[in-house]
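In this note's numbering, the protein residues as written are -6 to 317. Beta carbons: idealized from backbone N, C-alpha and C, even for Gly. Remarks on the structure that follows.
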Amino acid sequence: MIKRVNPEFLAGLEAFTDFDFKVEHLAAMREGMAQAVLSLTSTETVNIINKTITGIDDNEIRVRIYKPAHQHQELPVLLWIHGGGYILGSIEDNDHLCVQVVETANCVVVSVDYRLAPEHPYPAPLEDCYSALAWIADNAAALQIDKNRIGVAGASAGGGLTAGLTLLARDREYPSICFQMPLYPMINDSNDTPSANEITKGMVWNQTTNDFGWKCYLGELHGHDEVPIYAAPARAEDYRNLPYTYTCVGQLDPFRDETITYVSKLAQAGVDVEFHLYPGAYHGFESLNPQSELARNVIKEYVNAVKVGFDRVKASAEQVEEVK
-6 MIKRVNPEFL AGLEAFTDFD FKVEHLAAMR EGMAQAVLSL TSTETVNIIN
44 KTITGIDDNE IRVRIYKPAH QHQELPVLLW IHGGGYILGS IEDNDHLCVQ
94 VVETANCVVV SVDYRLAPEH PYPAPLEDCY SALAWIADNA AALQIDKNRI
144 GVAGASAGGG LTAGLTLLAR DREYPSICFQ MPLYPMINDS NDTPSANEIT
194 KGMVWNQTTN DFGWKCYLGE LHGHDEVPIY AAPARAEDYR NLPYTYTCVG
244 QLDPFRDETI TYVSKLAQAG VDVEFHLYPG AYHGFESLNP QSELARNVIK
294 EYVNAVKVGF DRVKASAEQV EEVK
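Written as structure tokens, this is what we have:
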């Protein structure tokens, strides 16, 4: 398997320490990851504001708002959802990426610190994300954002939550989402695709670690047929009326085939979708090799995809005005 890895991504793979996933180890793993993150306070171009909102269970949810330092008009907004297998990760993980999105797409980004499994299994993490999404729409004026241009994005479990949240917002009929970017999303709880059976160990995330993540996230629902589509979006049968979608996945990612199937079903449902499959790339390859040329290009591609997603809505609105 190592022979198939793009040489640009070998350094990140070799430096990565495989986690021994057990529930009793999670607290220490989270603490170690938190200490390794260099959190930003603000930059010359982007102001970073921390806020606490209230969730569906009257729980407190941290959100981090990234706004252009000199914002003078309403801008589109992207809700960012961090990854971590539904069991790890925090709001601080993606500061640099969120800043880059603000600078490139000229938008506001709101990152949500949802509750983690197994302490808080489905639907708690998803409902926290929905609470953040609704809070954004409800506070559009105060945030100086255009509530007609709300996007949602995330990677891995964040991608799974993105796909689930987009389905949930569609079916609850609020808020309206114009763009989604579920990057190499964790969406298939069956964990039995050819790529899952191919990537059974190592490679950052694999069939074994994936099974642990799903058991934690689904709790008593794990292994049952009645798993909701909002928890495992690969189970959905109706993908109609979903927004323009951008996604990508590595060829050596256990999520390869579930992502390809998801993209196919979106396209068959009439959803406009852009998809990239990266040969020689394992799960989270770009975050582990941020200085490699290919990883930099990949990040530029999906950061630019946010701009394209918002520009599509703006162009469509301008065409409607011209017709009037």
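query                                                                                                          : result
Pairwise C-alpha distance: Asn87 and Ile170                                                                    : 22 angstroms
beta-carbon Gly243 near the ligand FMN non-hydrogen atom, thresh 6 angstroms                                   : For the ligand FMN, the structure offers nothing, since it holds no ligand at all.
Same chain, Cβ closer than 7 angstroms to Ile49, neighbours up to 5 away in sequence not counted               : Glu120, Ser124
N-terminal and C-terminal residue of the beta strand (DSSP E) that Met347 is part of                           : Only positions -6 to 317 of the chain appear in this structure, which leaves residue 347 out of reach.
The alpha helix (DSSP H) enclosing Cys241, as first and last residue numbers                                   : Careful: Cys241 lies outside any alpha helix (DSSP H), inside the beta strand (DSSP E) at 237 to 245.
Cβ neighbour criterion (16 or more within 10 Å) applied to Ile(-5)                                             : exposed
Coarse secondary structure for Val316, derived from DSSP in three states                                       : Note that Val316 has pLDDT 47, beneath the 50 cutoff, so the model's placement of it is unreliable and no number is given.
Contact belief for Glu37 with Ala62 at Cβ below 8 angstroms, rounded distance in angstroms                     : 7 angstroms
Span separating the alpha-carbon of Val316 from that of Lys307                                                 : Its pLDDT being 47, under 50, Val316 is placed unreliably in this model, and the value from its coordinates should be taken loosely. Distance between the alpha carbons of Val316 and Lys307 is about 15 angstroms.
Contact set for Thr186: own chain, Cβ-Cβ below 6 angstroms, skip 5 residues either direction                   : Asp250, Glu251
Buried versus exposed, by CB contacts within 10 Å (16 or more), Val299                                         : buried
Own chain, CB closer than 6 angstroms to Gly5, minus 5 neighbours either side, in chain order                  : Leu281, Asn282
Touch test, the region 205 to 218 against the region 106 to 121, Cβ-Cβ under 8 angstroms, three pairs minimum  : yes
Beta strand (DSSP E) segments (min. 3 residues) lying fully within the region 133 to 160                       : 138 to 148
Glu219 versus Asp182 - alpha carbon distance                                                                   : 11 angstroms
Beta-carbon proximity of Leu318 to Ile222, cut-off 7 angstroms                                                 : What is shown of the chain runs -6 to 317, which leaves residue 318 out entirely.
Residue range of the alpha helix (DSSP H) that includes Glu191                                                 : 187 to 191
Helix, strand or coil at His89 according to DSSP, with G and I counted as helix                                : helix
Val197 in three-state terms, based on DSSP                                                                     : coil
Contact set for Glu294: own chain, Cβ-Cβ below 8 angstroms, skip 5 residues either direction                   : Cys241, His269
Three-way DSSP call (helix, strand, coil) for Arg289 in this model                                             : helix
Classification of Glu394 by the beta-carbon crowding that lies within 10 angstroms, buried from 16 upward      : Absent from the model: residue 394. The displayed extent of the chain is -6 to 317, so no value can be given.
Status (buried if at least 16 other CB within 10 Å, exposed otherwise) for Ile42                               : exposed
Selected residue, minimal CA-CA separation from Asp51, among Lys60, Arg108, Ala8                               : Arg108
Cβ neighbours of Val256 in the same chain (closer than 6 angstroms, five flanking residues each side left out) : Val266, Phe268
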